Amino acid sequence: MEPALVSPASALLAGIPARLIFILIPLVGIGVFAYIMRRRIAPLLTAAPDPRFQRLPERIKAVILIWLAQWRHPRYLLAGVLHIVVFFGFLILGARSTQLVVLGFVDGFTLPGFGGSLGAFYHVLKDYAGTAVFVAVIILAIRRAAFAPARYAVPERYGKDHTPEALFVLGLILTLLISEALFDASLMAAQAAKGQPADVAPPLTLVWVFRHLLAGASIGALQGVHLAAYTVHDLTFFFFLCFLPLGKHFHVIISLFNVFFMRLDKGTVKPVRHGVPDSGLDELKSFGVKQLEDFTWKHMLDFYSCADCGRCSDRCPANRVKRPLSPRFISIKARDALFARYPLRGAAAESKPLIGGIYSEDEIWSCTTCGACEEECPVAIEYIDKMVDLRRGMVDDGLVPQSLQKPLSAIEKRGNPWGKLEKKRADWTAGVGEGCQVKFFEKGDAAETLYFVDSITSYDDRMQKIAQATARVLCAAGVDFGILGKEEKDSGHEVRRFGEEMLFQSLKEHNTEAIQAAGVKGIVASDPHAYNALKKDYAGLPPVRHISEVAAEALRSGRLKLAPVENGAKTYVFHDPCYLGRHNGLYEAPREVIDRIPGLRRAEMTGDCRDRSFCCGGGGLMLFYEPAEEQRMGVVRVKMAQAAGADVIVTACPFCLVNIEDAIKVAGLEGRLEAIDLSELIDRHIQR
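Note that this note's numbering has the sequence shown beginning at 1, numbered continuously upward.
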């Protein structure tokens with residue numbers, strides 16, 4: 001039977017066999033794309049090393065969950081659902097686009113395995129997928145042009161607005177969808193006009209609409225539509241492919257790889273330089289990141305992967321209170337700098353220092369390393385390691401804020417940021433009370449477990465109550481424990497994250513020797529920062545647990561019993577500390593302990609709890625560094641608790657308690673809201 005229309009591969013365009021043109025388009029398109037990708041990949045090949053090829057099963061799982069299943073997207077419901085529709089629509093339509101490219105020079109081409117019933121099913125599926133994507137893109141375009149969320153805004157100091165680029169790309173997608181639908185619909189209309197068996201357009205699809213619109217058109221007109229639609233689709237497809245690596249839509253190509261190579265262990269900090277052991281740090285000529293070329297290849301891949309969705313900045317507590325930091329622009333500014341430094345053609349821009357160039361000092365010091373940005377990013381961009389590396393570079397160049405110089409110097413001299421005497425580190429034990437013996441390893445006592453107290457809980461008058469309560473909880477749970485006393489120094493958790501790597505190494509070495517000399521089988525910490533440092537930053541130590549884990553296990557075994565709450569009318573909420581929750585995944589143990597107190601009523605700060613908990617802003621050395629901000633993070637947090645109907649905020653971190661108690665005063669909520677540490681809450685309800 002004679003075809004209803006001349007196919008693209010058999011047609012003539014201006015007297016030239018169309019087949020030649022339709023071979024030339026993909027050859028040129030692929031060639032240009034390869035050239036662009038070669039230029040984009042060039043800086044990654046000379047960047048700092050970063051081993052990311054280990055633990056393949058975990059990486060594949062991350063790709064399935066984060067990239068394929070898109071499980072982070074629905075957190076922003078409308079944008080997330082629309083993105084998922086477009087994403088899966090493109091996956092489905094990819095096979096059809098490939099087939100169309102080849103149809104330009106091979107008549108009747110069908111992808112292997114797509115014949116018969118499978119092919120018929122696929123054509124129905126791709127028509128509905130294309131229609132769903134069409135509707136989603138229309139909504140996205142209207143939303144972006146007229147109802148764009150505030151997180152899309154680009155302050156003038158950060159550069160140009162990306163809305164025109166976004167709308168342009170949405171226009172390209174619509175062009176692909178419409179041209180593909182017109183290509184099929186024109187053939188169906190021609191088949192019907194000639195009385196031939198016609199393919200059926202699935203009802204209410206884009207093809208179905210165009211099929212009805214083209215009914216009654218002449219064969220000549222249909223032939224023109226058929227070839228024009230094919231040509232437009234072919235040109236648009238390869239133009240789109242080459243356009244993607246030029247801006248924020250580069251993530252369409254490389255987000256898969258960025259997720260595959262993501263950091264698998266939360267709470268860790270990258271070494272100063274991969275391949276250089278701690279013992280070899282003295283031999284390095286420079287520390288940290290000072291120029292673009294100092295970033296690792298994975299961090300450069302992060303910059304390319306940024307979709308400019310603004311989720312990171314929207315969840316960033318520093319950005320929320322108007323500190324001079326927006327994680328989104330940490331990536332975007334670096335990507336723009338990479339594009340300028342490694343242009344597609346022409347002279348490369350001069351390599352300049354990052355600090356004072358694209359980043360300000362306050363911008364980098366404003367980060368609390370809470371991890372909210374990384375938890376939210378749908379393409380697994382990492383920020384904390386970059387911040388730490390940039391701080392290492394600033395420390396190396398002597399660019400340390402005045403307010404941080406004193407506590408860092410005090411830690412170096414006395415092992416704590418206040419510069420208090422080492423012999424006073426265990427003074428808090430005097431308030432533990434009778435019936436609970438705190439052993440001292442420095443005095444030759446022996447115990448199975450070490451309670452690592454850390455600096456703030458050892459020296460701050462208010463926080464010493466946490467240490468005392470923790471000791472009583474351990475005693476009630478039957479834990480044989482002791483402390484290092486004056487032999488303990490600051491864990492160095494924040495010292496490392498503020499860029500003072502050599503000081504951290506000194507603290508780590510000292511504490512490791514003291515812990516190993518104690519001969520303990522396990523370690524308990526009540527401070528999540530100490531917990532994270534000992535667990536993630538140190539090596540060669542016995543297992544480390546947080547007091548919430550110890551208490552939960554003791555309650556389950558019956559070794560620890562809790563009395564009913566005194567005032568059942570009060571509502572309690574739990575504030576997830578960043579380094580207990582997001583960085584270590586300890587969400588259930590604290591809640592289990594709280595819920596085991598008979599009669600206690602607990603609520604959640606819905607939308608701002610667990611892995612979306614809002615940082616209090618006081619972690620570690622942030623107590624000493626106060627950048628310009630419109631409102632304290634702690635004040636924002638206590639207002640969230642108040643909105644959840646809380647009377648009592650329970651936390652499990654001394655830094656959180658300091659900030660939250662202070663924020664309650666600043667917010668004028670004294671008498672209406674109170675804060676308590678988890679250890680204190682347990683201690684208050686122990687059945688003795």
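In this text, a Cβ means the ideal position worked out from N, Cα and C, and glycines have one as well. Source: prediction; values computed, not measured.
If you reduce the DSSP assignment to three classes, tell me which class residue i lands in.
| i | result |
| --- | --- |
| arginine 688 | coil |
| arginine 345 | coil |
| leucine 669 | coil |
| lysine 689 | Nothing about residue 689 can be reported from this structure: the residues present for the chain run from 1 to 688 only. |
| phenylalanine 574 | strand |
| phenylalanine 498 | coil |
| histidine 73 | helix |
| aspartate 314 | helix |
| glutamate 412 | helix |
| valine 714 | Nothing can be reported for residue 714: it is not among the residues displayed for the chain, which extend from 1 to 688. |
| glycine 29 | helix |
| alanine 48 | strand |
| arginine 632 | coil |
| glycine 159 | coil |
| isoleucine 23 | helix |
| aspartate 336 | helix |
| alanine 132 | helix |
Can residue i and residue j be called in contact, C-beta distance under 8 Å?
| i | j | result |
| --- | --- | --- |
| arginine 556 | glycine 522 | no |
| histidine 685 | isoleucine 547 | no |
| methionine 262 | alanine 47 | no |
| arginine 59 | proline 378 | no |
| cysteine 367 | leucine 325 | yes |
| lysine 536 | threonine 268 | yes |
| leucine 5 | histidine 212 | no |
| valine 573 | alanine 641 | yes |
| alanine 136 | valine 85 | yes |
| aspartate 385 | lysine 270 | yes |
| threonine 102 | aspartate 234 | Here residue 102 is valine; the residue named in the question, threonine, does not match the sequence. No, the Cβ-Cβ distance between valine 102 and aspartate 234 is not below 8 Å. |
| alanine 426 | glycine 485 | yes |
| alanine 533 | glutamate 592 | no |
| valine 638 | isoleucine 664 | yes |
| leucine 399 | alanine 476 | no |
| leucine 354 | leucine 404 | no |
Whole angstroms is fine: what's the gap from residue i's alpha carbon to residue j's?
| i | j | result |
| --- | --- | --- |
| valine 63 | phenylalanine 257 | 8 Å |
| cysteine 609 | alanine 603 | 10 Å |
| glycine 444 | alanine 518 | 9 Å |
| valine 169 | leucine 20 | 28 Å |
| arginine 345 | leucine 91 | 32 Å |
| glutamate 382 | phenylalanine 237 | 31 Å |
| asparagine 416 | tyrosine 538 | 18 Å |
| alanine 129 | aspartate 265 | 37 Å |
| aspartate 314 | arginine 688 | 47 Å |
| cysteine 316 | cysteine 373 | 6 Å |
| aspartate 107 | glycine 585 | 56 Å |
| serine 305 | phenylalanine 210 | 36 Å |
| glycine 31 | isoleucine 25 | 10 Å |
| tryptophan 428 | isoleucine 411 | 19 Å |
| arginine 202 | tryptophan 208 | Before going on, a small fix: residue 202 reads as proline here, not arginine. Distance between the alpha carbons of proline 202 and tryptophan 208: 6 Å. |
| arginine 632 | valine 28 | 55 Å |
| arginine 391 | glycine 419 | 23 Å |
| alanine 569 | arginine 601 | 8 Å |
| valine 388 | threonine 131 | 46 Å |
| glutamate 494 | glycine 619 | 8 Å |
| aspartate 662 | arginine 144 | 40 Å |
| glycine 288 | leucine 281 | 11 Å |
| alanine 192 | lysine 298 | 55 Å |
| leucine 244 | alanine 307 | 11 Å |
| glutamine 70 | asparagine 319 | 25 Å |
| proline 49 | glutamate 549 | 37 Å |
Is residue i near the ligand MG - that is, is its Cβ less than 7 Å away from at least one heavy atom of it?
| i | result |
| --- | --- |
| arginine 72 | Judged by which ligands are present, the structure shown has none, so any question about the ligand MG falls away. |
- prompt: Are there three or more Cβ pairs, one per stretch, closer than 8 Å when the stretch 525-542 is compared with the stretch 637-656?
  reply: Three or more beta-carbon pairs separated by less than 8 Å link the stretch 525-542 to the stretch 637-656, which places the two stretches in contact.
query: Are there three or more Cβ pairs, one per stretch, closer than 8 Å when the stretch 602-615 is compared with the stretch 575-587?
result: yes
task: Say whether the stretch 452-462 touches the stretch 639-647, bearing in mind that this needs 3 or more beta-carbon pairs closer than 8 Å, one atom from each stretch.
output: no
query: Which ranges would you report for the alpha helix (DSSP H) in the stretch 232-305 if only whole runs of at least 4 residues count?
result: DSSP runs (the alpha helix (DSSP H)) wholly in the stretch 232-305: 251-260 and 297-305.
message: Count Cβ pairs between the stretch 389-401 and the stretch 496-507 that sit closer than 8 Å; are there 3 or more?
response: yes
message: List, from N- to C-terminal side, the alpha helix (DSSP H) runs of 4 residues or more that fit wholly inside the stretch 500-543.
response: 501-518 and 528-532
message: Between the stretch 170-187 and the stretch 222-240, can you find at least three pairs of beta-carbon atoms closer than 8 Å?
response: Yes, since at least three Cβ pairs between the stretch 222-240 and the stretch 170-187 fall closer than 8 Å, the two stretches touch.
- prompt: Any chance the stretch 354-367 sits against the stretch 328-338, with 3 or more Cβ pairs inside 8 Å?
  reply: yes
query: Are the stretch 169-181 and the stretch 102-121 touching, with three or more C-beta to C-beta distances below 8 Å?
result: No, they do not touch.
query: What residue ranges within the stretch 540-624 form continuous alpha helix (DSSP H) runs of no fewer than 4 residues, ordered along the chain?
result: 547-557 and 588-595
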